[in-house]
Amino acid sequence: MDFNDTPEEAAFRKEVRAWLDANATRKSDDKASFRARNDDPELLKKAKAWQDKKAKAGYARITWPKEYGGRGGSPILQVIYQQEEANYLVPLGFFDIGLGMCIPTMMAYASPEHLQRYVKPALHGDEVWCQLFSEPAAGSDVAGIRTRAERDGDGWVINGQKVWTSGAHYSDYGIIITRTDPNVPKHAGLTMFFLSMKTPGVEVRPIKQMSGGANFNEVFFTDVRIPDSQRLGKVGEGWKAALTTLMNERLAVGMPSGGLDVDELMELARDTDLEDGPAIRNQQVRSKIADWYVQQQGLKLTRYRTLTALSKGQTPGPESSIIKIVAAPKMQDMGAFAMELMGPAGIMKEEVPHAAGFQAQWIGGAGFRIAGGTDEILRNIVAERVLGMPADVRVDKDVPFNKLTRS
Amino acid sequence: MNFDFSDDQKLLKEQVRKFLTDKCPTKVVRRVLDGNETHADEVWKGLVELGVPATGIPEEYGGLGLSPLELCVIAEEMGRAAAPVPFDTSVVLATEALKLAGSDAQKKKWLSELAAGKAIGTLAIAEGPQPPKPRGIRTTFGGGRLNGKKLPVADGEAATFAIVLANTGGQGDRAVSLVLVDLKQAAVTKKRVETIDPARKHAELTFKDAAAELLGAEGEGWRTLERLYDAAAVYFAFAQVGGAEAAMWMARDYALQRQAFGRAIGSYQAIKHKLADCYVKLELARSNAYYGAMMLTDGGSDLPLAAAAARIAATDAYDFASKENIQTHGGIGFTWEADTQFHYRRARVMALALGGPMAWKDKLVSRLEQKNAA
Chain A
1 MDFNDTPEEA AFRKEVRAWL DANATRKSDD KASFRARNDD PELLKKAKAW
51 QDKKAKAGYA RITWPKEYGG RGGSPILQVI YQQEEANYLV PLGFFDIGLG
101 MCIPTMMAYA SPEHLQRYVK PALHGDEVWC QLFSEPAAGS DVAGIRTRAE
151 RDGDGWVING QKVWTSGAHY SDYGIIITRT DPNVPKHAGL TMFFLSMKTP
201 GVEVRPIKQM SGGANFNEVF FTDVRIPDSQ RLGKVGEGWK AALTTLMNER
251 LAVGMPSGGL DVDELMELAR DTDLEDGPAI RNQQVRSKIA DWYVQQQGLK
301 LTRYRTLTAL SKGQTPGPES SIIKIVAAPK MQDMGAFAME LMGPAGIMKE
351 EVPHAAGFQA QWIGGAGFRI AGGTDEILRN IVAERVLGMP ADVRVDKDVP
401 FNKLTRS
Chain B
1001 MNFDFSDDQK LLKEQVRKFL TDKCPTKVVR RVLDGNETHA DEVWKGLVEL
1051 GVPATGIPEE YGGLGLSPLE LCVIAEEMGR AAAPVPFDTS VVLATEALKL
1101 AGSDAQKKKW LSELAAGKAI GTLAIAEGPQ PPKPRGIRTT FGGGRLNGKK
1151 LPVADGEAAT FAIVLANTGG QGDRAVSLVL VDLKQAAVTK KRVETIDPAR
1201 KHAELTFKDA AAELLGAEGE GWRTLERLYD AAAVYFAFAQ VGGAEAAMWM
1251 ARDYALQRQA FGRAIGSYQA IKHKLADCYV KLELARSNAY YGAMMLTDGG
1301 SDLPLAAAAA RIAATDAYDF ASKENIQTHG GIGFTWEADT QFHYRRARVM
1351 ALALGGPMAW KDKLVSRLEQ KNAA
């Protein structure tokens, strides 16, 4: 057992590092330089330039076939590139949904002409894509969407509303799941399309989150007309297409998480005076530090197991399905506990070292437990797919969509 | 990245699993639980034939000279089967103690006998109430004679020799030493003690001027014990992972079959989420155990931290899976006839054997502090 690269992996890592050194600035070890994406328009411009540079060098999508600008490389090479890139000050995050989910769905369903037109600009960062799935009344139960697409001559007219659409405010295109037949049970009446976000009738309104950020949007569709050629898959087979999209939601492994962790919590506990001495000497504090360390290590090592399978060219086991189930509540709980250690000043945004960081985790954790699959849905998935337990009874399974009780 | 066992090691694991499925099904565990025998001797003899006790013993002492990784995969299967044999005691604790601290002569004699299945060893630390600590050990050793009483001693009746923590008169942590004592002498009395897990028999050992010898240097007992516990924590973690996995699947199988309110209870989220949590804890434990195995194999400097993390995660996973297995079964799971009890009992025995989670969490943070200071 070891954490070493194979000779080919080591050679690739060296090549990537040399290229990154020549084209980007290495981060200092200061964790403050790990910054989530924000809405600075300059940042998007910089991100597009970086994406173009990457694409030209052949690093933008290593696993894609060469004809689409990839290198036909194995997933472990993609991970190695991402691991290395994370050590540099480069703007990331704008293209993950487009290249990770939308374009792979296009590859599965779009015409050769459309692929010719759209893949390259997406890969080079000229055009950004978003995924229009969730709706106000369809979150975990995404097949319950209500946005309608109705036939109109040789095209379709879309009316409805999407929500939680990441990056819609800077996206050029999107893939959208719509209801084309409300007279059949919910999964059967769906159809997928792609469209320009500049199509008349599309209106994007940012959502301000509890954390203060605004990465998500509401997107309204009012009599939006699109040609039938923008349909992805057959009419009524939108659910199948959506599953293709969601299956591509993986491979987020191998990325360093950044942010504050047990090291900073220990630092805080060392510097905090409780009545009976430094907090680090308190057994309750030690017990919590130990639990979170075991989780932190466990997640890192679980990723290494997944990477091992990728490195050997095998399909990873289901072990990585635990990562968000553990990481999200840990972020929230550890943030809250760190604030408690600070005493009443734990609510203040300044003065106390690390206060802002732990507060951000406490707030962000609340969102992370919901985004991309709630804690509860993820447990269902583990129970059903890993442990082979039955799906819940679905009272809406055979009922036409327009006969369902609605919230 | 090669953070996995090799194909050969996986094959070995399958062989041991097959052997235990055939020779050590739950009815054997039940037989020992209900009966008087000290352990399932036919299973033990079969394991000796397979070379299990010889696995980690160097070839020069008649062993197979395999790496800790091989012993880890075996431990996982022993835990899965909740095998009523002196594996933790003889193959892990006594063997590792000899490897860590034994003189060449001691290794020649005892490791060879262990490898050949002629000896069964155990470790005798506790002396009744109060967690063991250097200043509390009343058993004494001097002039080649051992005096005192140890309990509970796992496999104390089956064992032919014991490694005993005894006071040798030094100061502080140096008050105690490890002492090797042949149990086949009249100066040693063995008496069974009842415990929460009758499938793993424990005993009280009384020494009255028993002939014994130091294992390792005088005054080094506590330090050697800490190192021994680090290695043992990793092997125990694998056994706990195996046990946790067995309990989890036992609960899953029952949840698929048991109907309530018109459907399988396994279709209710209250059950699904509970078992999903078993899986989450299991995989956290497995990943931490793998790292412990890697550190054990490389003699890595990160072993103390890795061992503590493996120990904490695996104890949590086994405790949780074994108790929720009973809960998933409902009333039938609380009967003497149900197999659920084996893992519930074994989980607690294993949790306490090397010191409980509270002690290991404290150790883990101390080790983190040391690492960060370095």
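As given, the protein sequences belong to chains A and B, one line each in that order.
Our numbering numbers the first residue of the first sequence as 1 and each following residue consecutively.
Our numbering numbers the first residue of the second sequence as 1001 and each following residue consecutively.
Note that beta-carbon positions come from the ideal geometry of N, C-alpha and C, so glycine has one too.
Please say whether residue j and residue i have beta carbons closer to each other than 9 Å?
| i | j | result |
| --- | --- | --- |
| G1121 of chain B | K1149 of chain B | no |
| S166 of chain A | F95 of chain A | no |
| D228 of chain A | D154 of chain A | yes |
| A1154 of chain B | A1353 of chain B | yes |
| L1284 of chain B | E1324 of chain B | no |
| G1102 of chain B | L1093 of chain B | no |
| F358 of chain A | A328 of chain A | no |
| P1134 of chain B | D1182 of chain B | no |
| L1215 of chain B | I1163 of chain B | yes |
| R26 of chain A | Y81 of chain A | no |
| V1280 of chain B | I325 of chain A | yes |
Note down the Cα distance separating residue i from residue j, rounded to an integer number of angstroms.
| i | j | result |
| --- | --- | --- |
| A32 of chain A | I207 of chain A | In this prediction, A32 of chain A has a pLDDT of 48, which is less than 50 and means its spatial position is unreliable; what the coordinates show is noted afterwards. So the two alpha carbons sit approximately 26 Å from each other. |
| G1266 of chain B | E384 of chain A | 10 Å |
| R37 of chain A | Q361 of chain A | Bear in mind that the predicted position of R37 of chain A carries a pLDDT of just 42, short of 50, making it unreliable; the figure below should be weighed with that in mind. One C-alpha to the other measures close to 15 Å. |
| D172 of chain A | V204 of chain A | 12 Å |
| R148 of chain A | Q161 of chain A | 9 Å |
| P121 of chain A | I103 of chain A | 11 Å |
| Q1130 of chain B | W1360 of chain B | 16 Å |
| L1364 of chain B | K288 of chain A | 11 Å |
| I1125 of chain B | Q297 of chain A | 31 Å |
| E8 of chain A | E84 of chain A | 15 Å |
| Q1269 of chain B | D291 of chain A | 26 Å |
| A1083 of chain B | W19 of chain A | 55 Å |
| A1260 of chain B | K1272 of chain B | 14 Å |
| V399 of chain A | K186 of chain A | 8 Å |
| S1287 of chain B | T306 of chain A | 11 Å |
| N183 of chain A | H1329 of chain B | 42 Å |
| R1192 of chain B | D1034 of chain B | 14 Å |
| S196 of chain A | Q230 of chain A | 10 Å |
| R61 of chain A | S321 of chain A | 23 Å |
| I347 of chain A | G364 of chain A | 15 Å |
| T1095 of chain B | E351 of chain A | 55 Å |
| F401 of chain A | V395 of chain A | 12 Å |
| L1282 of chain B | A1244 of chain B | 7 Å |
For residue i, which of the options has the nearest alpha-carbon?
| i | options | result |
| --- | --- | --- |
| F194 of chain A | A:H187, A:Q209, A:G233 and A:N183 | A:G233 |
| I1074 of chain B | B:A1308, B:Q1009, B:R1258 and B:P1198 | B:Q1009 |
| E1213 of chain B | B:V1241, B:N1147 and B:L1050 | B:N1147 |
| K1109 of chain B | B:E1060, B:L1071, B:G1156 and B:E1077 | B:E1060 |
| E135 of chain A | A:G201, A:T178, A:F401 and A:G388 | A:T178 |
| D261 of chain A | A:D333, A:G73, A:H114 and A:L132 | A:D333 |
| Y1318 of chain B | B:D1004, B:K1013, B:I1196 and B:V1241 | B:V1241 |
| L1228 of chain B | B:D1007, B:T1055, B:G1355 and B:E1369 | B:G1355 |
| E1014 of chain B | B:E1077, B:A1040 and B:E1220 | B:E1077 |
| I176 of chain A | A:T315, A:G238 and A:L123 | A:G238 |
| G1056 of chain B | B:R1311, B:V1349, B:G1170 and B:Y1235 | B:Y1235 |
| T222 of chain A | A:P200, A:M210 and A:V294 | A:P200 |
| K53 of chain A | A:L123, A:K397, A:Q314 and A:L387 | A:L123 |
| Y1344 of chain B | B:A1246, B:L1368 and B:M1295 | B:A1246 |
| S28 of chain A | A:D2, A:V90 and A:R71 | A:V90 |
Exercise for the section: For the region 272–293 of chain A, enumerate the residues whose C-beta is nearer than 8 Å to any C-beta of chain B, in chain order. Expected result: Near chain B, meaning a CB-to-CB distance below 8 Å, the residues of the region 272–293 of chain A are I280, Q283, R286, S287, I289, A290, D291 and Y293.
Handout entry: Those runs of the alpha helix (DSSP H) which lie wholly inside the region 214–269 of chain A and span at least 4 residues
Key = Within the region 214–269 of chain A, the complete alpha helix (DSSP H) segments of 4 residues or longer fall at 238–247, listed in chain order.
Problem - Within 7 Å of chain B by C-beta, residues of the region 301–328 of chain A in sequence order - result: Hits within the stretch, in order: L301, T302, Y304, R305, L307, T308, S311, E319, I322, I325 and V326.
Problem - beta strand (DSSP E) runs wholly inside the region 55–142 of chain A, at least 3 long, in chain order - result: Within the region 55–142 of chain A, the complete beta strand (DSSP E) runs of at least 3 residues are 129–132.
Exercise for the section: Below 9 Å between beta carbons is the criterion; list the residues of the region 1345–1370 of chain B that meet it against any residue of chain C, in chain order. Expected result: Of the protein chains in the structure, A and B, none is chain C.
Problem - Ordered list of beta strand (DSSP E) runs contained in the region 181–209 of chain A, each at least 3 residues - result: Counting whole runs of 3 or more residues, the region 181–209 of chain A contains the beta strand (DSSP E) stretches 190–196 and 202–207.
Problem - Ranges of the beta strand (DSSP E) found wholly within the region 1169–1205 of chain B, counting only runs of at least 3 - result: For the region 1169–1205 of chain B, whole beta strand (DSSP E) runs of length 3 or above, ordered along the chain, are 1176–1182 and 1188–1193.
Practice task
Quick one: which unbroken alpha helix (DSSP H) runs of 4-plus residues sit fully inside the region 311–370 of chain A? Chain order, please.
Solution key: The qualifying runs are 323–341 and 355–368.
Exercise for the section: Return the residues of the region 1219–1253 of chain B that lie within a Cβ-Cβ distance of less than 9 Å from chain A, sorted by chain order. Expected result: Residues M1248, W1249 and R1252.
Practice task
Enumerate, from N- to C-terminal direction, the unbroken alpha helix (DSSP H) stretches of 4 or more residues contained entirely within the region 1101–1174 of chain B.
Solution key: Entirely contained in the region 1101–1174 of chain B, the alpha helix (DSSP H) runs reaching 4 residues are, in chain order, 1112–1115.
Exercise for the section: Would you list, in chain order, the members of the region 379–393 of chain A that have their beta-carbon closer than 9 Å to a beta-carbon of chain B? Expected result: Using a CB distance below 9 Å, the part of the region 379–393 of chain A facing chain B consists of R379, N380, I381, V382, A383, E384, V386, L387, G388, M389, P390, A391, D392 and V393, ordered along the chain.
Handout entry: Runs of alpha helix (DSSP H) lying entirely within the region 1032–1095 of chain B, each at least 4 residues, in chain order
Key = Considered as a whole, the region 1032–1095 of chain B harbours 1041–1050 and 1068–1081 as its complete alpha helix (DSSP H) runs of no fewer than 4 residues, in chain order.
Exercise for the section: Could you run through the region 1306–1318 of chain B and flag, in chain order, every residue whose CB is less than 7 Å away from some CB of chain A? Expected result: Against chain A - using a Cβ distance shorter than 7 Å - the residues of the region 1306–1318 of chain B are A1309, I1312 and A1313.
Problem - Residues, ordered as in the chain, of the region 1277–1291 of chain B that lie near chain A by beta-carbon distance below 8 Å - result: The residues in question are D1277, Y1279, V1280, E1283, L1284, A1285, R1286, S1287, N1288, Y1290 and Y1291.
Problem - Residues in the region 1258–1273 of chain B having any Cβ partner in chain A nearer than 7 Å - result: Residues passing the 7 Å Cβ filter: R1263, A1264, G1266, S1267, Q1269, K1272 and H1273.
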